[in-house]
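A.B. asks:
In UniProt numbering, the protein residues as written are 1 to 211.
1) By the 10 Å Cβ neighbour count, where 16 or more other Cβ atoms means buried, how is residue 59 classified, buried or exposed?
2) DSSP three-state call for residue 188: helix, strand or coil?
3) Buried or exposed for residue 5, going by 16 or more other Cβ atoms inside 10 Å?
4) Tell me, please, which residues DSSP counts as bridged to residue 154.
5) Give me the DSSP bridge partner(s) of residue 145.
6) Should residue 29 go down as buried or exposed, given a rule of 16 or more other Cβ atoms within 10 Å for buried?
7) Are there 16 or more other CB atoms within 10 angstroms of the CB of residue 198, so buried, or fewer, so exposed?
8) Does residue 196 come out as helix, strand or coil in the three-state DSSP assignment?
9) Drop a sphere of 10 angstroms on the beta-carbon of residue 178, count the other beta-carbons inside from all chains shown, and report buried for 16 or more, exposed for fewer.
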């Protein structure tokens with residue numbers, strides 16, 4: 001029993017850290033980097049003392065949240081490329097990156113605007129593009145991806161998905177799923193009618209916009 005207590009404490013600490021980072025990314029995405037630390041702690045459902053114990057300064061939290069965001073992106077691409085079925089891996093990448101961008105792209109944009117030289121994006125992007133190019137090649141060779149689809153088409157879809165960050169938070173998940181499904185049906189070498197996710201009601205959002 002004595003050994004279980006330290007394990008539980010470590011697990012609780014990891015859970016608190018994950019919740020704080022998730023809350024920070026959500027609030028930074030919604031309202032920018034000026035969100036007060038206490039609001040982040042409240043969203044994560046932890047006390048301010050826990051927040052400051054994990055992240056003594058706001059800059060520490062911002063840096064950790066952005067590093068975690070890049071790690072999530074890299075993990076999605078790595079796991080998709082490691083799938084022995086290249087089409088399944090490509091589908092996982094398109095869905096995963098689109099959902100990630102829809103959820104937190106506002107935070108990424110705010111970070112890059114505030115700290116333009118903080119991260120070597122050239123190296124990060126070059127590694128991702130190289131891996132995705134190889135995944136597309138494998139999917140074409142397997143006969144799953146249309147032969148006229150190139151890496152630029154995949155990047156075009158992922159860039160379009162970034163625009164979902166401007167939609168109201170409550171419709172972003174449905175919009176990301178729908179966009180991914182439509183794109184993948186267009187990419188498929190032998191389209192077979194499949195049931196699409198429920199549509200995202202974005203027309204009503206556009207109608208409600210002013211200006």
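A virtual CB, placed ideally from N, CA and C, is assigned to each residue, including glycine. None of these values were measured; they are calculated from a predicted model.
C.D. replies: A quick look at the data gives this:
1) For the purposes of this step, residue 59 is taken as residue 59 along the chain shown, with counting starting at 1. By the 10 Å Cβ count, residue 59 comes out exposed.
2) For the purposes of this step, residue 188 is identified with residue 188 of the chain shown, where counting begins at 1. In this structure, residue 188 counts as strand in the three-state DSSP scheme.
3) Locating residue 5 in the chain shown gives position 5, counting from the first residue. Since pLDDT at residue 5 reaches only 43, below the 50 mark, its modelled position is unreliable, and the value read off the structure follows with that caveat. With a threshold of 16 other beta carbon atoms within 10 Å, residue 5 falls short and is exposed.
4) The residue you call residue 154 lines up with position 154 of the chain shown. Per the DSSP secondary-structure output, residue 154 pairs with nothing in a beta bridge.
5) Locating residue 145 in the chain shown gives position 145, counting from the first residue. Answer by DSSP bridge pairing, in chain order: 188.
6) One-based indexing of the chain shown puts residue 29 at position 29. By the neighbour-count criterion, in which a residue is buried when 16 or more other Cβ atoms sit within 10 angstroms of its Cβ, residue 29 is buried.
7) As a first step, residue 198 is located in the chain shown; it is residue number 198 there, counting from the start. Per the 10 Å Cβ criterion, exposed.
8) Looking up residue 196 in the chain shown gives position 196. It is coil, neither helix nor strand.
9) Here the question's residue 178 lines up with position 178 in the chain shown. Buried, by the Cβ-count rule.
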